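Residue numbers (the UniProt record's numbering): 1 to 1188.
By construction, the Cβ of each residue, glycine as well, lies at the ideal position given by its N, Cα and C atoms.
Since we're looking at a predicted model, the values are computed, not measured.
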């Protein structure tokens, strides 16, 4: 009975409790809004912090009064105590997420607009396609277009066939044409499809018509693939214009020669590996047979009559060694020197006739006679100061270096009566081959400057010189001249768009292009950029896949377009091209196009304010860049001094553009220093820039400067980077977030610690003296300016530190060994413990200080008391994370990742979005802590930006070398300290008792068992989850993988810091010593793109290396003055003028030894640098020319 009563009572109580909770639930649901209840301590904290803000704001006013220092210190201490009690924290600004502006990611939608143009469509099409016409003055161009006619072709009808005259330019207005080549078997193969707006023409054919050597089509034909309307411009229309405007003739010839050298010859050589296939091997002297025979007869008729006078006037009493002495007339002298004169005079007449020189006096003092002994090198590939060589006797062999090989191949042989070197003279560009005398040779030489003087007096002389170049080209080059297009893409225009058909490959001659991908959600993302010499679309064209990205021009860009049919035809004719093509594909696939800063050619430097020491900054940067490759610094004053006071006027656009393009070709980097206002030169700098450096002072307010505000208001396509300068003995970086938030999207930022000489105020003369001494020394590879130079040239070295718990203490030892080996570090990143050590080094940049701070933290991590106090109820984790957070915070305080000296990143695992997160900005201690969060030990950290839960990055990418690569590093040194496979673990059966393991460990007589603890299991899980990614990193060409012998240490062995550090240091010391003996460190520091500049273009970096606008020379023609010899003067010119219509004076005969070459120093080259009017130092290299 009692039991029943008790049971009934319990049941009633339970029912009452149930009813209570049900009613409570209903009551809470019916409430519209919850009533918040503040605890008293919350109210106290709120009002206390409010009061503290007022106290903090008034403390600055108190500090300005005359109160004593002790009193201020006491107040400050009280404020600090109050802040700690009230947990008052300063609100740290966060980086605002910004997207790249439309000008960076989007191409202009207004393509070549025919409908809305004020010019007729046929004029626009002609201007777009024929590159030569773009440099005509507008009246001349429109007059030329009057000769255009419209032609209608039916499908299958031929526009032209072999044997028909090759004297027209064809532009498709609508429809489609097919350009065909006829093979040796008589079959036609399509090498190019011509769509509306494209053209069919050969600049070599235009040159033939201009020079009066018109030829018919031989193997090239064009037919209509469908009903087509074609514009035809006869080349004869050029001739009437050239008669009126000789400077136009010269400019057209020069552009044709530039296209022949840069587009046709170099494209086929550099990218398809063709060498001697490009030149004709048939002697060309037979073309002058009749002329030579006539001149020989004339020469012999007068030799005996004037021979004695010739001997007397050439005699020189004292001459340098190496020059032949012709003694005065002696018995028997006729037998010795008659052969030389017999050769010299008739061949000189051949030179006169072949050059179409109408006035013999033009050669006065400009021709020298030379003897080269067998083995002498007359000119080397890459020489800028070139000459015309006219062979009198013997022959000259022309060689070219094979791509990716140290072998030279003979292109052709220059025989008697032939010239060599005229292509480089006409283009004003470096020599593309080496001229060598295999056996003794006698030749005449006209220097480039002398040839320009002759051309100034007689512009038509360029015609015969250009014709000799054209006839030297092989028939294959003439075919390719029809098929290969020379394209010019304006800034902002799209080269092709995503999903377009892939039917050609592009080669960048100069300029810059950007690749952008449009994802499925419509968002656009920057993929990479292409610079000079890069291949675009080769993989897509060969695999016939649609275009994967949209490529548009960052600035005005010139390209070579190689159609698919043309490439297939070349491969059929020359099978070796296929192998070379495969190598190019591999190089393209491995090229660092994902790094926007790779392969930069031009960099504009823009100061934020007038206080920025921009002159000293550019000089320091030039000094660092010169250690990598030839560098040229340009200012408006330098331009005016080099090119004239009116060089920046719009009328000289072609001259300035051509000169700047040539500077890009012969220098690794061209630095453009802007003016302090938006002048035409500043606009030109921004227009020419691949990258814009915005330079500010780190200790100043992060405000926008006047010039920078103008830049913000313009659509700039070049990437911008913020560079903040700091004094050597000043405070570290701070407030970087405010600098970045004040500006529009920047691709990156850098902090530079500058030497004292940068901030010292000196007069231009004093600045010159300082940097003359600086440039005589080698740049310090560990300086911040050297780091910036490596960033700009795409040669950054990244250090990536893997996760592994206490084993990561060995990272510090390896870093110490790296410093001793002289390996610079430009980027730091890591995962887990690697993110912690990496952040320390990025802040300190010293292995010693990093070791001290890391040891202190490891000692705190070994504290058992703090670990026990942090235990919590294990729902999410065993520890609350408070103690661990405090230990990390004490190390980094409120440091932001943007305020580190070195660019830094770490990796975490986002378990909310199931993705990898890469952190480069924000609260440093939080993201370091998140990257070190082992599952089960610590709770996930909530991302302060979006609230996502972050865990240890080792679960997704324990050695993020690929992230460093994407950030722009060319070489990545990756240190792995993760868990390794262990096969000697104990087989404990189906279950495991922790008490049993504890007994095994504390019992000295029990048999030891090897079972991983929880930390080891977590570490192994992280290693297993990314083992495939780790294998890819090991096999990659860009990565140097390092693993110290730290396997005997456990994940939580932080108490063995010194021992683990020493293992890493000794291993790194031994390893880097081997690297130093080999070529690994040298290859890390070497810029592979600068190899050609250093080896073959040393002479191109001199101040005298100048772009030559031949048309400008001609436009300044002075009245021709006939040569009149002094009365009674019986000189060699006088005698030869009387003998023939030829005048050659001051003929000195130079002797070339077999093993030695005479070098003459440029008289304008006084030092490794040159100063201009404003005291700015211009960086150049010592210039020496071969005596050729």
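Three or more C-beta pairs under 8 angstroms: does that hold for the region 899-915 against the region 709-723?
They do not touch, by the three-pair rule.
Of the residues 783, 800, 483, the one placed nearest residue 1034, counting alpha carbons only:
800
Only counting runs of 4 or more residues, tell me where the alpha helix (DSSP H) segments fall wholly within the UniProt domain "Cyclic nucleotide-binding" (132-259), in order along the chain.
138-145, 203-210, 237-244, 246-259
State the DSSP-derived secondary structure class of residue 952, mapped to helix, strand or coil.
strand
Need the endpoints of the alpha helix (DSSP H) that residue 764 sits in, please.
764-774
On the DSSP letters alone, give me the boundaries of the beta strand (DSSP E) that residue 399 sits inside.
Residue 399 -> beta strand (DSSP E) spans 396-401.
Identified DSSP bridge partners for residue 676
Residue 676 is not bridged to any residue.
Taking its Cβ as the centre, do 16 or more other Cβ atoms sit within 10 Å of residue 27, making it buried, or is it exposed?
exposed
Close beta carbons around residue 678, own chain, < 6 angstroms, minus the five adjacent residues each side
Taking C-beta separations shorter than 6 angstroms and ignoring five residues to either side along the sequence, the partners of residue 678 in its chain run 710, following chain order.
Would you say residue 413 and residue 397 are within 7 angstroms of each other, going by their C-beta atoms?
In contact: residue 413 and residue 397 (Cβ atoms closer than 7 angstroms).
Going by DSSP, what residue range makes up the beta strand (DSSP E) through residue 748?
748-754
When we look at the beta-carbon of residue 21 and count the other beta-carbons within 10 Å, is it buried (16 or more) or exposed?
Exposed, because fewer than 16 other Cβ atoms sit within 10 Å of the Cβ of residue 21.
Among the candidates 185, 611, 717, whose CA atom is the shortest distance from the CA of residue 701?
611
Do residue 624 and residue 796 come within 7 angstroms of each other at the CB atom, strictly closer than that value?
no
Near residue 843, what residues of its chain come up, given a Cβ to Cβ distance below 6 angstroms and the 5 sequence neighbours on each side ignored?
900
Give me the Cα-Cα distance between residue 457 and residue 247, rounded to the nearest whole angstrom.
12 angstroms
Who are the Cβ neighbours of residue 24 in its own chain at under 6 angstroms, not counting the five residues just before and after it?
none
Less than 8 angstroms between C-beta atoms, sequence neighbours within five positions excluded: which residues of the same chain meet that for residue 872?
878, 879, 880
Using a Cβ-Cβ cut-off of 8 angstroms (strictly less than) and excluding sequence neighbours within five positions of residue 1060, which residues of its own chain qualify?
So the qualifying residues of the chain are 806, 807, 809, 810, 813, 1046, 1049, 1053.
Would you kindly report the start and end of the unbroken alpha helix (DSSP H) that includes residue 849?
847-861
Should residue 178 and residue 157 be called a contact, given that it needs their Cβ atoms to be closer than 7 angstroms?
no
My output table needs one value for residue 830: the three-state DSSP class, helix, strand or coil.
strand
Would you kindly work out how many angstroms separate the C-alpha atoms of residue 826 and residue 961, rounded to a whole number?
Taking the straight line joining both Cα atoms gives about 14 angstroms.
Residue 927, DSSP secondary structure in three states
helix
Taking the straight line between their C-alpha atoms, what separation do you get for residue 558 and residue 264?
13 angstroms
Give the secondary structure of residue 1118 by DSSP, where H, G and I count as helix, E and B as strand, and everything else as coil.
Interpretation of residue 1118 is limited by its pLDDT of 34, a score under 50 that renders its predicted location unreliable; the figure taken from the coordinates is listed afterwards. In the structure shown, residue 1118 sits in coil (DSSP, three-state: anything other than H, G, I, E or B).
Who are the Cβ neighbours of residue 503 in its own chain at under 8 angstroms, not counting the five residues just before and after it?
For residue 503, same chain residues with a beta-carbon under 8 angstroms away, outside a window of 5 residues either side, are 193, 541, 563, 564 in chain order.
Determine, using beta-carbon pairs with one atom in the region 858-866 and one in the region 951-960, whether at least three such pairs fall under 8 angstroms.
Touching, no.
Beta-carbon proximity list for residue 1058, same chain, < 8 angstroms, skipping 5 on both sides
For residue 1058, where only same-chain residues beyond five positions count, the Cβ hits under 8 angstroms are 855.
Buried or exposed: residue 884, going by 16 or more other Cβ atoms within 10 Å of its Cβ?
So residue 884 counts as buried.
Could you give the DSSP three-state label for residue 92: helix, strand or coil?
coil
Just to confirm my understanding: we take residue 277, look at its own chain, exclude 5 residues before and 5 after, and list those with CB closer than 7 angstroms. What are they?
474, 476, 574
Cutoff 7 angstroms; reference residue 866; Cβ partners in own chain excluding five residues on either side
883
Whole-Å CB distance - residue 986 paired with residue 1010, under 8 angstroms assumed
5 angstroms
Report buried or exposed for residue 71, applying the criterion of at least 16 other Cβ atoms within 10 angstroms of its Cβ.
Only exposed fits residue 71, as fewer than 16 other CB atoms lie within 10 angstroms of its CB.
Buried/exposed call for residue 478, threshold 16 Cβ in 10 Å:
buried
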